[in-house]
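Step one of this worksheet: look at the structure below.
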Amino acid sequence: MFIILRRRISSHFRPISTTTTTPQNPSDQSSFFTVSYLVNSCGLSPESALSASKKVQFKSPSKPDLVLQFLRNHGFSNTQIANIASKRPSILLAKPRQTLLPKLDFFKGIGFSEPETAHFLSKEPTFFIRSLDRKIKPSHDYLKSLLGSDEKVAATIKSSSSSWVLQFNLQRLIGHKVESLRKFGVSEGSIAKLVKVRTRSLCKNNDRFDEMVRNVIEMGIDTSSAQFANALHIFSGMNDSTLESKRQMFRSYGWSEDEIVLAIRKQPVCISISKEKLKNGLDFFMNELKWKPSELAKYPNLLGLSLEKRILPRWLVIQRLLSKGLVKDAVNICSVLKMTETEFLQKFLVKYGNEALEILKLYQDSLGQVCVLEH
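Under UniProt numbering, the residue at position 169 of the sequence shown is numbered 169, and the numbers go up by one with no gaps.
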């Protein structure tokens, strides 16, 4: 495939040479010109230009020249233009004032600066070919009714996870789910938070979504808390069999249903971590540290920490400090594991200076890296 591609590209670019004949077939001439234009005027690689030429054909430079000049006049860099030409080459045939300018004006109108507009539309050039009146504006108006302001709308669509929301009929896509949340008694603030941060969670099948909301509420997760949105997001990405297999993992370590629900209520992400990571965490805390399910259920976030890169290295340091008598008081392992790296180094290694050099080496070896201590 690579050899064929090189030959095709080579044949397209031979006519640039003064010793090569220009293609005679009108279709070949158009394809040749398109590839050449995309390379020389838009900055695409020959491979990207060849791929883009299958989606659009130029007969002359007049239309694409106008588009390129328009984009440059509105702050688009050469790299951003190349990205647009690669992703949506048909935009190069658009009418700048009738099709492109209204989109720029719209985004500036909701709070985007010129550089932000160029950055956003070069990453999401599909907006250029979406209908402003039938898609973008109606979805914007609906989103604004949920979030409360253009500033919040702009912040939402600038997020890489929600940049798509104005490209579709948003009310048709998530309207039922929003009404369902209201019927379940979820506050407008919580709905807005869910729409802003976890938009894709609202794109599930209506019946499936209602079931998820019911399950989350039955677990006792406060609908006004941040964990409510997190729980819906996590459950939306899991099928029933996966969820049950995770629950069974907890049960195999002696957890009751109430303890499982307590852990999920406190930290929904604990049910979404991989089986291997979950098993390793349960093994360590329950078999090594001899914690009871009721104790670990109060700190389920610990199960999401890396056993190799955080839990074991820090636990080894604490054990060595205790054995050398440098630490005499009981240490709260939960607090130790929650510390930032800087906080941990300062409190348990820098503090003891030369007496802790051996322990520092142990810590470095367990992490497989060199730690720099700042006194």
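Cβ atoms here follow ideal geometry from the backbone N, Cα and C, with glycine treated the same way.
### Counted within 10 angstroms of its Cβ, other Cβ atoms place Arg88 as buried (16 or more) or exposed
Walking along the sequence shown from the start, residue 88 turns up at place 88. Buried, by the Cβ-count rule.
### Three-way DSSP call (helix, strand, coil) for His74 in this model
Residue numbering aside, residue 74 sits at position 74 when the sequence shown is read from its first letter. The answer is coil: DSSP assigns His74 none of H, G, I, E or B.
### Query
Quick check: the segment 109 to 117 against the segment 125 to 136, are there 3 or more CB pairs under 8 Å?
no
#### Entry: Own chain residues within Cβ distance below 7 Å of Gly254, not counting five before or after
The residue you call residue 254 lines up with position 254 of the sequence shown. Pro293.
#### Entry: Range covered by the alpha helix (DSSP H) that runs through Ser294
Stepping through the sequence shown from its first residue, residue 294 is reached at position 294. Boundaries of the alpha helix (DSSP H) harbouring Ser294: Pro293 to Leu296, taken from the DSSP string.
### Query
Given Leu232, which residues of its chain have a CB within under 8 Å of its CB, disregarding the five upstream and five downstream residues?
If you number the sequence shown from 1, residue 232 lands on position 232. Closer than 8 Å at Cβ, skipping near neighbours: Leu194, Arg198, Ser201, Met212, Val213 and Val216.
### Query
If you scan the segment 278 to 330 from start to end, which runs of the alpha helix (DSSP H) of 4 or more residues do you find wholly inside it?
293 to 296 and 312 to 323
### Message
Quick check: the segment 254 to 272 against the segment 284 to 301, are at least 3 beta-carbon pairs closer than 8 Å?
### Response
yes
### Task
Starting from Cys203, trace the alpha helix (DSSP H) both ways and give me its first and last residue.
Translated into the one-based positions of the sequence shown, residue 203 becomes position 203. Judged by DSSP secondary structure, Cys203 falls outside any alpha helix (DSSP H); it is assigned neither H nor E.
### Task
Tell me, to the nearest whole angstrom, how far the beta carbon of Gly325 is from that of Leu307; I am working on the premise that it is less than 8 Å.
Residue numbering aside, residue 325 sits at position 325 when the sequence shown is read from its first letter. Residue numbering aside, residue 307 sits at position 307 when the sequence shown is read from its first letter. About 27 Å separates the two Cβ atoms, so there is no contact after all.
#### Entry: Environment of Pro115 [buried if 16+ CB atoms lie within 10 Å]
Indexing the sequence shown from 1 puts residue 115 at position 115. With fewer than 16 other Cβ atoms within 10 Å, it is exposed.
### Task
Within the same chain, show all residues whose beta-carbon is closer than 7 Å to that of Val153, passing over the 5 residues directly before and after it, in chain order.
The residue given as residue 153 occupies position 153 in the sequence shown. Result list for Val153: Ile110, His140, Leu143, Lys144 and Leu147, in chain order.
### Query
Secondary structure at Ala94, three-state DSSP: helix, strand or coil?
Along the sequence shown, one-based indexing puts residue 94 at 94. Three-state DSSP puts Ala94 in coil, outside helix and strand.
### Task
Using the Cα positions of Lys177 and Ser159, report the straight-line distance between them to the nearest angstrom.
Looking up residue 177 in the sequence shown gives position 177. Looking up residue 159 in the sequence shown gives position 159. Computed Cα separation, rounded: 21 Å.
### Query
Can you check whether the CB of Arg314 is closer than 8 Å to the CB of Val336?
Translated into the one-based positions of the sequence shown, residue 336 becomes position 336. Translated into the one-based positions of the sequence shown, residue 314 becomes position 314. Yes, they are a contact pair.
### Segment limits, alpha helix (DSSP H) that includes Ile129
Position 129 of the sequence shown holds residue 129. Run containing Ile129: none; DSSP gives neither H nor E here.
### Query
Among residues of its own chain, excluding the 5 on either side of Thr156, which ones have a beta-carbon nearer than 6 Å to its beta-carbon?
Here residue 156 corresponds to residue number 156 of the sequence shown, with the count starting at 1. Cβ-Cβ distances below 6 Å link Thr156 to Ser162 and Lys196 in the same chain, with the five nearest sequence neighbours on each side left out; the list follows chain order.
### Message
My parser needs the alpha helix (DSSP H) runs of 4 or more residues fully inside the segment 139 to 221; what are they?
### Response
150 to 158, 170 to 183, 188 to 197 and 206 to 218
### Query
Given that a residue counts as buried once 16 or more other Cβ atoms are within 10 Å of its Cβ, and exposed if not, what is Ala226?
On the sequence shown, position 226 is the one that residue 226 refers to. Counting of Cβ neighbours within 10 angstroms places Ala226 among the exposed residues, the total staying below 16.
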